[in-house]
Structures are given as C-alpha cells and as structure tokens.
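Presented below is the structure to which this report refers.
Number of protein chains: 2
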Amino acid sequence: MAAHPPPRPALPAGAEPLPAGGVTTPAGFQAGAAACGLKASGAPDVALLLSEVDAAAAGVFTRNLVIAAPVRLDRATLASDAHRIRAVVGNAGNANACTGEAGWRAARTMQADAAAATGCLPEQVLVLSTGVIGAPLDAAQVARGIAAAAASLSRDGGPAVARALMTTDTRPKEAAFRLALPGGGEVVLGGMAKGAGMIHPDMATLLSVLTTDAEVPPAQLQTLLAAAVDQTFNRVTVDGDTSTNDTVLLLANGRSGQQLGTSARVAAFAAALQALCLELALQIVSDGEGAGRVARITVRGARREADALEVARAIATSPLFKTALAGGDPNWGRILAAAGRAGVAFAPERLRLDLAPDAAAPLTLVEHGEPVRAENARLAALFAAPFVPLILDLGDGTATATVWTCDFTHDYVRINADYGT
Amino acid sequence: MAAHPPPRPALPAGAEPLPAGGVTTPAGFQAGAAACGLKASGAPDVALLLSEVDAAAAGVFTRNLVIAAPVRLDRATLASDAHRIRAVVGNAGNANACTGEAGWRAARTMQADAAAATGCLPEQVLVLSTGVIGAPLDAAQVARGIAAAAASLSRDGGPAVARALMTTDTRPKEAAFRLALPGGGEVVLGGMAKGAGMIHPDMATLLSVLTTDAEVPPAQLQTLLAAAVDQTFNRVTVDGDTSTNDTVLLLANGRSGQQLGTSARVAAFAAALQALCLELALQIVSDGEGAGRVARITVRGARREADALEVARAIATSPLFKTALAGGDPNWGRILAAAGRAGVAFAPERLRLDLAPDAAAPLTLVEHGEPVRAENARLAALFAAPFVPLILDLGDGTATATVWTCDFTHDYVRINADYGT
Numbered sequence: 001m002a003a004h005p006p007p008r009p010a011l012p013a014g015a016e017p018l019p020a021g022g023v024t025t026p027a028g029f030q031a032g033a034a035a036c037g038l039k040a041s042g043a044p045d046v047a048l049l050l051s052e053v054d055a056a057a058a059g060v061f062t063r064n065l066v067i068a069a070p071v072r073l074d075r076a077t078l079a080s081d082a083h084r085i086r087a088v089v090g091n092a093g094n095a096n097a098c099t100g101e102a103g104w105r106a107a108r109t110m111q112a113d114a115a116a117a118t119g120c121l122p123e124q125v126l127v128l129s130t131g132v133i134g135a136p137l138d139a140a141q142v143a144r145g146i147a148a149a150a151a152s153l154s155r156d157g158g159p160a161v162a163r164a165l166m167t168t169d170t171r172p173k174e175a176a177f178r179l180a181l182p183g184g185g186e187v188v189l190g191g192m193a194k195g196a197g198m199i200h201p202d203m204a205t206l207l208s209v210l211t212t213d214a215e216v217p218p219a220q221l222q223t224l225l226a227a228a229v230d231q232t233f234n235r236v237t238v239d240g241d242t243s244t245n246d247t248v249l250l251l252a253n254g255r256s257g258q259q260l261g262t263s264a265r266v267a268a269f270a271a272a273l274q275a276l277c278l279e280l281a282l283q284i285v286s287d288g289e290g291a292g293r294v295a296r297i298t299v300r301g302a303r304r305e306a307d308a309l310e311v312a313r314a315i316a317t318s319p320l321f322k323t324a325l326a327g328g329d330p331n332w333g334r335i336l337a338a339a340g341r342a343g344v345a346f347a348p349e350r351l352r353l354d355l356a357p358d359a360a361a362p363l364t365l366v367e368h369g370e371p372v373r374a375e376n377a378r379l380a381a382l383f384a385a386p387f388v389p390l391i392l393d394l395g396d397g398t399a400t401a402t403v404w405t406c407d408f409t410h411d412y413v414r415i416n417a418d419y420g421t
Numbered sequence: 001m002a003a004h005p006p007p008r009p010a011l012p013a014g015a016e017p018l019p020a021g022g023v024t025t026p027a028g029f030q031a032g033a034a035a036c037g038l039k040a041s042g043a044p045d046v047a048l049l050l051s052e053v054d055a056a057a058a059g060v061f062t063r064n065l066v067i068a069a070p071v072r073l074d075r076a077t078l079a080s081d082a083h084r085i086r087a088v089v090g091n092a093g094n095a096n097a098c099t100g101e102a103g104w105r106a107a108r109t110m111q112a113d114a115a116a117a118t119g120c121l122p123e124q125v126l127v128l129s130t131g132v133i134g135a136p137l138d139a140a141q142v143a144r145g146i147a148a149a150a151a152s153l154s155r156d157g158g159p160a161v162a163r164a165l166m167t168t169d170t171r172p173k174e175a176a177f178r179l180a181l182p183g184g185g186e187v188v189l190g191g192m193a194k195g196a197g198m199i200h201p202d203m204a205t206l207l208s209v210l211t212t213d214a215e216v217p218p219a220q221l222q223t224l225l226a227a228a229v230d231q232t233f234n235r236v237t238v239d240g241d242t243s244t245n246d247t248v249l250l251l252a253n254g255r256s257g258q259q260l261g262t263s264a265r266v267a268a269f270a271a272a273l274q275a276l277c278l279e280l281a282l283q284i285v286s287d288g289e290g291a292g293r294v295a296r297i298t299v300r301g302a303r304r305e306a307d308a309l310e311v312a313r314a315i316a317t318s319p320l321f322k323t324a325l326a327g328g329d330p331n332w333g334r335i336l337a338a339a340g341r342a343g344v345a346f347a348p349e350r351l352r353l354d355l356a357p358d359a360a361a362p363l364t365l366v367e368h369g370e371p372v373r374a375e376n377a378r379l380a381a382l383f384a385a386p387f388v389p390l391i392l393d394l395g396d397g398t399a400t401a402t403v404w405t406c407d408f409t410h411d412y413v414r415i416n417a418d419y420g421t
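Sequences listed follow chains P and V, in order.
Residue 1 is where the first sequence starts when you use the numbering used here, and the numbers rise one by one after that.
Residue 1 is where the second sequence starts when you use the numbering used here, and the numbers rise one by one after that.
Here it is, written out as structure tokens:
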C-alpha cells in the first residue's frame with residue numbers, strides 16, 4: 001500500500017521537470033547497481049554513483065547521537081576534503097549501525113572497495129547504508145556487489161540506484177529539473193531518495209543523493225543544501241523516529257560549465273534545489289510505511305516560526321491523529337489535543353481550524369476556540385480523501401510552518417513488528 | 001486483548017492489600033453507577049462517589065493547553081475551597097472537551113445535578129468526563145444517569161464506578177491498601193483508574209479517583225498527591241498522546257480518626273499512596289489499547305534524573321520500539337536509536353544494555369557501546385515474554401528513572417481508526 005503523492009507547489013521560475021533519470025540526469029554522472037544477497041529477495045542491494053570528474057560535495061546527516069559507521073565516515077571524509085569527491089557507494093538491507101569497531105572497519109572497506117572499482121582514492125568516496133540496525137555487515141559480501149555494480153556503470157543508471165537502495169519502500173523516489181539561470185546558461189539537478197520508516201523531522205530521509213552539473217564550491221553547496229533540507233526533508237514525518245543513518249548528499253561536478261556568481265543566480269539555484277528536495281520528501285511521506293493517506297498540517301498565526309513548527313509536528317506525530325487519519329475518521333478534537341501538548345503557549349479561545357483550505361469552499365471546524373457545526377457528510381468526505389490539508393491558526397502572530405505526515409495503519413504495525421527477524 | 005500486569009515492587013512497610021472495593025474501601029464513602037445511553041452498548045456510563053462527611057480534596061490535572069470543561073471546573077472548585085468536598089460525578093462516552101461555552105455549561109449542570117442528588121452544594125462536587133472529544137454533551141441525558149446513580153449509592157459501590165468510567169479499557173482498574181501507621185492506628189486507601197489510550201507521562205491516566213479515611217488537610221494532600229503521581233502515573237505511556245481530560249483526584253474524609261502528624265506517619269502514608277498509584281498505573285499500561293506485552297525501561301548512569309527520564313521516555317514512545325515489542329522481535333538496535341534522539345548528551349561508546357535484569361542470568365546486549373553476541377534463542381524468548389524488562393546504562397553518572405510502556409499492535413490501530421465514528 002502507498003498513498004497518492006500530495007499536490008506540489010508550483011515550480012520556481014526557470015525550472016522545469018525532466019523525465020525520470022534521477023541522479024544521472026545532470027551531465028557527467030554514471031550509476032550502477034547489483035545484488036550481493038543482503039536482500040533475501042535477491043533484488044539489487046548495492047549501488048554505486050560515479051562523477052566523471054572531481055565534484056564538490058555537501059552532506060547533511062542525522063542528529064541522532066547514536067550514529068551509524070557510514071555517517072561517521074562521511075562526516076570525516078567531507079571535513080577532510082569536500083572538493084574532489086568522485087563516488088558514492090551504498091547498500092540496503094543492513095544499516096551498519098550499532099555494530100561497533102567491526103562496523104567501522106566494514107564501512108572503511110566499502111569505501112576502499114568502491115575506490116578501487118572506480119579508480120579513485122578512498123577519501124574520494126562517500127558511503128551509505130540502510131536496513132537492519134545492530135547486525136554485523138559482511139564487507140566481503142558487499143565487495144562482490146560493488147564489483148558488479150561498477151561493471152554496470154552507465155549514464156542512465158540513476159533509476160537502478162534508486163531501486164537498489166529501497167528497503168520497505170514500495171516505489172523508488174527520484175526527480176530531476178532543468179534550470180535556466182538568470183543571465184543565461186542552464187544547469188540540471190537530479191536526485192533520488194529512499195526511506196519509508198524511521199522518518200522524522202530531525203532529518204527526514206534515511207538516504208538521499210542529489211547531483212548537479214552546476215559548479216558550486218563546497219562551502220556554498222553546504223549552505224544551500226542545509227537550507228533546502230531544513231524546509232523540506234525536515235518537514236515530513238512518518239513515525240517520529242529519527243534514524244541512526246539519515247544522510248542527504250549533494251554532488252556538484254561543474255560539467256555544465258555554469259557557475260552561480262550573482263545573487264540572482266544563487267537564488268534561482270537555491271529555489272530549484274529546494275523544489276527538488278520537496279519533491280523527494282513528498283514522495284517519501286506518501287510512501288511512508290503502510291501509508292494510505294497524506295495530511296498537510298499548516299500552523300499559522302504563531303509568534304515565531306519555531307512555535308508554528310513545534311505545534312505542526314506535535315499534530316503530525318500524534319498516534320491518535322494518525323490512526324484517525326488511517327480510519328478516514330473526522331475526529332478533529334485530536335488535532336486540538338495534540339496542539340495543546342506541544343509545549344507552545346497559545347490561547348485556546350483564539351484557535352481556528354480549517355479543513356481543505358485549497359478547496360473552493362473550505363470547511364471551518366473551530367472558530368474563536370468554539371466548535372463550528374459542520375456538515376457531517378462533507379466533513380467525512382474530506383477526511384476520507386487521499387489528501388487531507390489542514391490549517392490551524394493560533395491567532396497569536398504572523399509566523400507559519402507546514403509539515404506533511406501520513407497515516408498510521410495496520411500495515412505500519414505489520415511491517416515493523418516483523419522487520420528485524 | 002490485554003497484557004499481563006507486570007510484576008510489582010514489594011509494598012512499603014505496614015501496607016497490605018485489601019480485597020477489591022476500590023474507592024469505597026476506606027470508611028465513609030459510598031458509590032453508585034447507572035446508564036444514561038452515552039455508551040451505545042447500554043452499559044453504565046455515569047458514576048457517582050459520595051463522602052458521607054466533608055472531605056479534604058486534592059487534584060492533579062492534564063498539562064495540555066487544550067483542557068476539557070470539567071478540568072477547568074475542578075481546578076476552580078479546588079482553588080475556591082478544597083476542605084469540604086462531598087462528591088465526584090463522572091461520565092464516560094463523551095469527554096466534554098473542545099465543546100466551547102456549551103460544554104462549560106454542561107459541566108456546571110452535571111455539578112449542580114450531582115449536588116441536588118446527594119444533598120450538598122455544587123461547589124462541593126468535582127466532575128469528570130471521558131470519551132470522544134469535540135462532540136456536544138447533553139447534560140439533560142447525563143442528569144437522568146446521575147439521578148439513577150444516586151439511587152444506587154452504597155458502601156460497596158466502588159467496583160461499579162470503576163466499570164462505569166471505562167471507555168476502551170478492557171477491564172476495570174482498582175486497588176485498596178490498609179496501612180498501619182507508625183505510632184499506632186490504621187488508615188485505608190482505595191482507588192480506581194480508567195484509561196487505555198491518550199495515555200502519556202504528562203499525566204498518564206485519563207481519570208483516577210483515590211479515597212482515604214485518613215485526616216489530611218488539603219494543602220498537604222495536594223503535595224502528597226503531586227509527588228505520588230509524578231513517580232507513577234507520569235511514568236507510564238501507552239501512545240504518547242496527552243489527554244485534554246487527565247485528572248487524578250484524592251479525597252480524604254478523616255473517618256478513621258487518624259491524623260498524620262509526625263514525619264514518620266507522613267512518610268508511611270506517602271509510600272502507601274505511591275504504591276496505590278503505581279498499582280493503578282501498572283494496571284493501566286497493561287490494559288493499554290491493544291496491548292499484548294509490557295516493557296519496563298530503566299535508564300541509569302545518567303547525570304540527572306531528568307536526563308534518565310527523557311531517554312526512557314524516548315524509548316517508551318518510539319513507534320519502532322513499540323512495534324518490535326508487538327512482534328516479540330528482538331530488534332534492540334531501535335532502543336539505542338531512540339535513546340540517541342532523546343536530546344540528552346551521552347557517549348554512545350559507554351552504553352550498556354541489559355535484558356531481563358531481574359532474571360538469574362540477565363542477557364547483556366551492548367557493552368562499552370559494542371554489541372555483545374547474544375544467544376539467539378534466549379534473546380528471542382526473552383523478547384517474546386509477556387513482560388520485557390530492560391536496563392540501559394548511559395555510563396555517565398548515578399541518576400536513574402524507570403518508565404513502563406506497552407506494545408503498539410494492530411489492535412491499537414483498529415481501536416483508534418474507528419473510535420470517533
């Protein structure tokens with residue numbers, strides 16, 4: 001089961017979508033995938049991405065204190081030299097987290113094996129792992145997958161990478177945009193993401209790799225990536241659990257010959273990058289484990305954006321709201337109850353709650369803190385729709401924030417009660 | 001479905017359990033219940049508790065900003081005069097929350113109706129409601145229940161109250177202890193609780209009423225109650241959602257003729273009160289919505305108790321841990337991952353995780369942050385047991401905290417996806 005992807009905002013000026021190709025859509029990137037047996041199904045579980053020239057790189061990682069070996073390794077690699085990254089190697093089926101020193105050695109081995117297979121140095125390779133936590137990762141097994149993935153590298157290997165890194169995902173997530181830069185020239189941005197459980201605002205995707213043929217120095221790339229992630233991946237939640245492995249990488253290889261330069265060009269690139277991240281984040285939430293329905297929760301009228309975000313997240317992670325969403329049950333009192341425990345001060349008597357604000361005739365459920373008698377049939381129909389947009393107005397200021405979440409279904413329980421065994 | 005209640009610590013000195021009678025076990029209390037049709041099943045849904053003489057009263061309420069009308073009313077009643085409470089009236093099936101001014105009037109009407117039925121003043125009556133949020137409460141309907149409940153008042157009506165206030169509970173929760181006071185004399189403490197969903201540490205039970213025939217002034221009663229609740233009801237979690245209605249009331253009518261006086265007597269009473277609250281809290285968590293298994297999470301080696309509690313709660317509310325528990329799946333990596341996102345600083349390389357620490361041979365899963373190879377068959381059996389006790393040692397200090405939680409099952413989703421409709 002998976003939900004319909006929710007509607008997207010309009011793309012920023014100058015950006016247009018490109019047919020699926022994901023990370024290999026920008027010039028100068030190749031990808032390949034292979035199976036090494038980490039997935040019991042025998043499906044591909046090792047992925048390799050190669051930049052044909054040295055690329056600038058940036059990364060945003062989980063803020064969990066318990067971090068997986070590949071996250072520790074990528075942080076060190078980027079801190080040492082982020083100007084000449086050549087490859088990303090990843091595996092699905094084993095997260096290489098909580099695996100101690102043996103796990104650290106396995107991540108280093110993956111890095112070295114990918115370097116050997118692509119003819120670069122280990123310190124030019126970033127590593128990703130996703131899957132079960134706490135199980136030892138057999139680097140020799142992964143090595144066979146890396147060799148086979150390297151043999152299959154091609155300029156249209158992007159979709160294969162998006163598939164190989166899937167775990168409980170029901171569909172691959174990828175997108176690509178072409179961007180006409182102000183002042184002339186164009187660049188391409190592509191990306192893939194995977195993640196369906198252990199998804200939470202603190203770094204909302206397990207793994208995402210983004211590529212561009214723009215030429216951007218690493219420090220600027222890092223700033224742009226962090227800003228884009230904050231507004232997108234960090235605004236979706238599936239289950240409130242933050243992973244030990246969450247990683248978003250962005251590689252810029254300059255192959256388009258386009259630099260950003262002026263602030264107008266930087267702004268255009270930033271907007272396109274944010275649109276790409278949002279597109280992937282919304283693909284993730286609509287493929288949340290067991291998801292059948294997506295809600296968009298906008299909190300406005302807050303004193304500060306952080307307050308609006310806190311209230312929106314309290315609603316978006318409430319098991320009671322999420323199970324009501326699963327049942328298509330218009331139990332809107334749970335929305336107010338979740339807002340009230342968010343730890344943000346507001347006056348309940350000024351609350352206003354609107355359902356389906358995008359529709360011609362939105363339905364007001366609460367006004368001045370008082371319930372408004374709504375037409376029951378319409379209320380039920382709006383809550384049972386595949387996409388449930390809500391606006392909660394705190395009546396307390398002008399700040400606003402939006403979070404997307406999916407419902408909490410029987411399938412979520414089924415998937416997670418049996419995942420590790 | 002409901003889980004086996006977990007093992008209890010030994011009772012404090014001088015306390016002994018009494019056969020079930022709940023709130024009417026102490027001298028001078030009467031109770032009755034009746035049906036007014038709020039429950040579709042036709043089961044009793046209105047409860048009335050009467051103290052034969054004026055009682056001192058104390059209350060601990062939800063910290064949710066969105067509070068139900070009866071909570072607002074009880075706060076005002078206790079603030080005005082907590083020395084001469086005579087009755088508690090409650091209903092199940094409708095929470096009278098998010099019901100605006102009409103809800104406030106309905107709560108006042110319940111208070112007045114109960115006063116009339118028991119021959120006291122409205123300001124001597126406390127009010128409780130539990131059930132669906134956001135639906136108008138018909139006070140005239142409840143009035144018929146109050147009249148019938150008053151007609152059935154008796155000194156062994158305690159169990160009827162515990163039953164009448166059940167919503168998704170599968171069994172009533174009640175307990176009573178006799179306490180021999182240091183220096184002579186004895187008092188009795190009794191209590192009931194209800195709550196199965198919307199249960200969270202911020203005030204872990206929807207409703208609990210405690211009674212005693214000790215003579216305790218209201219201010220001291222409030223201090224004793226707040227301390228007991230903090231260590232018990234606030235340490236269990238079912239779903240992390242804090243209710244709009246959570247209320248614990250304690251009535252002390254002095255009918256035993258025993259005052260507390262010396263600090264040894266106060267300490268003995270405090271310990272018995274805490275044991276009573278813990279007993280009811282553990283009955284609640286083992287009857288959590290859909291619960292089949294209970295886990296006890298002790299975090300020790302923390303710098304401050306607040307840190308230990310924060311980490312224990314992060315684990316206890318993690319949907320991934322709770323679904324693993326539902327599956328009896330020894331996916332212990334999720335415990336570390338949840339700890340790591342608790343917002344508490346610790347050194348992952350000093351973590352130690354022990355399973356079944358009460359057993360003759362506890363199983364160590366993690367030591368110095370490194371996984372310890374455990375005997376798989378024994379690990380699986382311990383995780384599949386009805387009670388799963390864990391100790392996570394942060395290796396960082398001497399503070400400790402314990403939280404109890406239940407698993408997240410298909411039944412939780414089933415119950416909550418359809419509850420409101």
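By construction, the Cβ of each residue, glycine as well, lies at the ideal position given by its N, Cα and C atoms.
Classify V/Thr-262: buried if its beta carbon has 16 or more other beta carbons within 10 angstroms, exposed otherwise. exposed
Return yes when the Cβ of P/Asp-213 is within less than 7 Å of the Cβ of P/Val-248, no when it is not. no
Anticipated Cβ contact below 8 Å, V/Ala-417 with P/Gly-327, distance rounded: 3 Å
Helix, strand or coil: how does DSSP classify P/Ala-58 here? strand
Does P/Thr-170 have its Cβ less than 7 Å from a Cβ in chain V? no
Short-range partners of chain V found in the stretch 371 to 383 of chain P, where Cβ spacing is below 7 Å: Pro-371
Quick one: what does DSSP say V/Leu-249 is sitting in, helix, strand or coil? strand
Taking 6 Å as the limit between beta carbons, can you name the residues of its chain near V/Gly-14, skipping five residues before and five after? Leu-179, Ala-180, Ala-268
Is V/Asn-64 close to chain P, meaning its C-beta is less than 7 Å from at least one C-beta of that chain? yes
What are the start and end residues of the beta strand (DSSP E) that includes P/Val-388? 387 to 393
Short check: CB of P/Ile-284 to CB of P/Ile-297, under 7 Å? no
Looking at V/Phe-177: is its Cβ nearer than 7 Å to the Cβ of V/Leu-165? no
In chain V, what lies closer than 8 Å to P/Ile-133 by C-beta? Asn-331, Gly-333, Arg-334, Leu-336, Ala-337
Short Cβ contact (7 Å threshold) for V/Gly-100 with P/Glu-370: yes
Just to confirm, are P/Thr-118 and P/Ala-87 a CB contact at a threshold of 7 Å? yes
Assign P/Ala-92 to buried or exposed, taking buried as 16 or more other Cβ atoms, counted over all protein chains shown, within 10 Å of its Cβ. buried
By how many angstroms is the C-alpha of P/Glu-305 removed from the C-alpha of P/Leu-38? 43 Å
So with CB distances below 8 Å, who are the chain V contacts of P/Val-413? Thr-323, Ala-326, Phe-408, Thr-409, His-410, Tyr-412, Val-413
Anyone know if the C-beta pair for V/Leu-280 and V/Ala-193 falls short of 7 Å? yes
First and last residue of the uninterrupted alpha helix (DSSP H) at V/Gly-184: First-last for V/Gly-184: undefined, no H or E at that position.
With distances taken from CA atoms, which of V/Leu-282, V/Ser-80, V/Ala-377 is nearest V/Ala-219? V/Ser-80
Taking only three categories from DSSP, how would you classify P/Asp-45? coil
Using a Cβ-Cβ cutoff of less than 6 Å, which residues in the same chain neighbour P/Gly-420 once the five nearest sequence positions on both sides are dropped? Confidence at P/Gly-420 is low in this model, with a pLDDT of 47, below 50, so its placement is unreliable and the value that follows should be read with caution. Cβ within range, chain order: Val-132.
Could you tell me how far apart the beta carbons of P/Ala-95 and P/Thr-223 are, in whole angstroms, since I believe they sit closer than 8 Å? With 8 Å as the limit, P/Ala-95 and P/Thr-223 do not qualify as a contact, their Cβ atoms being about 28 Å apart.
Excluding the 5 residues preceding and the 5 following V/Pro-357 in the sequence, name in chain order all residues of the same chain whose CB lies nearer than 7 Å to its CB. Pro-389, Ile-391
At 8 Å on the CB atoms, spell out the chain V contacts of P/Glu-101, in chain order. Glu-370
For chain V, find out if any of its Cβ atoms is closer than 7 Å to the Cβ of P/Ala-417; answer yes or no. yes
Are the C-beta atoms of P/Arg-300 and some chain V residue less than 7 Å apart? no
Which class does V/Pro-172 belong to by DSSP, given the choice of helix, strand or coil? coil
Candidates P/Ser-51, P/Thr-364, P/Ala-324, P/Pro-136: closest to P/Arg-155 by CA position: P/Ser-51
Does any C-beta atom of chain V lie closer than 7 Å to the C-beta of P/Gly-397? no
Could you name the residues of chain V that P/Gly-340 contacts, counting a contact when the two beta carbons are closer than 7 Å? Asn-64, Leu-65, Val-66, Thr-244
Which of the three DSSP states is assigned to V/Lys-39 in this structure? coil
Quick one: is the Cβ of P/Ala-180 within less than 6 Å of any heavy atom of the ligand MN? Absent from the structure shown: the ligand MN. Ligands present: none.
Using CA atoms only, rank isn't needed, just tell me which of V/Ala-55, V/Val-60, V/Gly-343 is closest to V/Thr-232. V/Val-60
Which residue spans inside the stretch 308 to 356 of chain V form an unbroken beta strand (DSSP E) run of at least 3? 352 to 355
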